[in-house]
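Under numbering that gives the first Met the number 0, the first residue of the sequence shown carries the number 0, and numbering increases by one thereafter. Input: a single structure, listed below in structure tokens.
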Amino acid sequence: MNPSTRFLFLIWIGLLFPLISNGQNKPVPKLIWKVNRIDLGTLLEEQGSPEVEFEFTYTQDSLFFIEDIWTECGCTTVEYPKDTMVAGQSGKIKVSFDPTSSSGFFTKLIVVKGNLQGVQDSLYLDGVSIPYPSNPERAYPARMGSLGFRLRKINMGEVFDNEPKIKFVEFFNFGTEVLEKNDFQAETPSYIQIEQVQQMIRPQERGLLKIQYESNARKGDLGFYEDALPLKWESVSGSEINLEIIADLFEYFPPVQKSELNQLPQLLISQKEVDLKEISPNSLVHRKVTLSNPGRSTLEIRKIQGNCECLKIEAPKQSLAPGESIELMLTFDPVGRKGIDQRNIYIFSNDPVNPVQLIVLKSRIE
């Protein structure tokens, strides 16, 4: 090997060795936790303190034991193994939370300290705590049969088609019968599941309904939707109610790389605010808005939705080639209306940067 080749070889070895060393010396956690964060969900104060378990496995050769566990407040109590552990052994830390200590959303920190250097692991409890109301009639004014809800309609909020949306809804049992979980029945479509959380709900107690909404089962539906679903408890006479559920459905788009922006479809709206000024309540009003696709891929108009039956919206086609434009015809019927008025028109498309865009139609009706 000539001197210059040998010199380059030594430099290459010198650069490679630290990389190998770093890969070999990557520290292994002393405790491997199955999970380090647990969501307790919605907690009702009167149902006591829930208990959960954090499971771990010890990985080192040295003998190990837990020296102490620190909690953020007296609202969390813990039980942990006091025995000395060897490599490969597993253990559990039991944690209970007192929901009377807080109201609303919470996150509680638990720190596990071991006898070995570097063992100071953080665990977390999340959830929502709802205190017992001093006046149930006022707290749950939306009466449906013998049940009281906070609101007449259950709003699921924004629901995307890539994962189900879960919501826990509380209610108060103003009746005289116990509501058993095994008796609960709900007539629901394929995209909604409802179940009672507790095994039983006694009179003057609160219960929880778990509602799961899967918008991908609606086969491309987008925008605002409302469902009225019959519920009942089979053994309780007169327990039938209709639960109204509303949701705004959206298509999910993964994050877009900056380098990809120029290759995507784009929806460009020529006029996002249309002012009709002063109009008569006796005549239809027509306007046109131009929709364009300045992008480099085909733009698909998934749906156009107005917030009133007084609107008629017509699009000549649903697909726009790159560089293509169309005229969107808007017809507003102001009959029966008076004063300042505003109508919203939502356009859903496959533009991943702006998949939902809004046109506002303003007017002053004589």
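Here a beta-carbon is modelled for each residue, glycine too, at the ideal position from N, C-alpha and C. Note that this is a predicted model, so its numbers are computed, not measured.
Handout entry: Reduced DSSP category for N215 - H, G, I as helix; E, B as strand; rest coil
Key = helix
Handout entry: Closest residue to V51 among S189, C307 and Y123 (Cα-Cα distance)
Key = Y123
Handout entry: Short Cβ contact (7 Å threshold) for C309 with D332
Key = Yes, Cβ-Cβ distance for C309 and D332 is below 7 Å.
Exercise for the section: May I ask which residues mark the beginning and end of the beta strand (DSSP E) holding S301? Expected result: The residue asked about is misnamed: residue 301 is Arg in this sequence, not Ser. Start and end: L298 to G305.
Problem - Assigned exposure category for W69 - 16 Cβ within 10 Å defines buried - result: By the neighbour-count criterion, in which 16 or more other beta carbons inside 10 Å mark a residue as buried, W69 falls on the exposed side.
Exercise for the section: Please state if the CB of F173 and the CB of G147 are separated by a distance shorter than 7 Å. Expected result: yes
Problem - Anticipated Cβ contact below 8 Å, N114 with E66, distance rounded - result: 5 Å
Problem - Straight-line Cα distance separating S95 from D220 - result: 42 Å
Practice task
Could you name the residues that DSSP lists as bridge partners for D82?
Solution key: Note: D82 sits in no beta bridge, so no partner.
Handout entry: Q211 beta carbon less than 7 Å from that of P280
Key = Against a cut-off of 7 Å, the Cβ pair of Q211 and P280 comes out as no contact.
Problem - Residues bridged to V127 (per DSSP) - result: T41 and F104
Problem - Between the CA atoms of W232 and A314 - distance to the nearest angstrom - result: 47 Å
Handout entry: Sequence-distant residues of its chain with Cβ nearer than 6 Å to R201 (five each side left out)
Key = V177
Problem - Delimiting residues of the alpha helix (DSSP H) encompassing P229 - result: From DSSP, P229 is part of no alpha helix (DSSP H) but of the beta strand (DSSP E) over G222 to W232.
Handout entry: N-terminal and C-terminal residue of the beta strand (DSSP E) that A141 is part of
Key = A141 to M143
Practice task
Check whether the Cβ atoms of I303 and I346 sit closer than 7 Å, and answer yes or no.
Solution key: yes
Handout entry: Residue ranges of each beta strand (DSSP E) within the stretch 315-346, 3 or longer
Key = Those beta strand (DSSP E) runs which fall completely within the stretch 315-346 and span 3+ residues are 324-331.
Exercise for the section: Would you tell me roughly how many angstroms separate the C-alpha atoms of T187 and S48, rounded to the nearest one? Expected result: One alpha carbon belongs to T187, the other to S48, and they sit about 32 Å apart.
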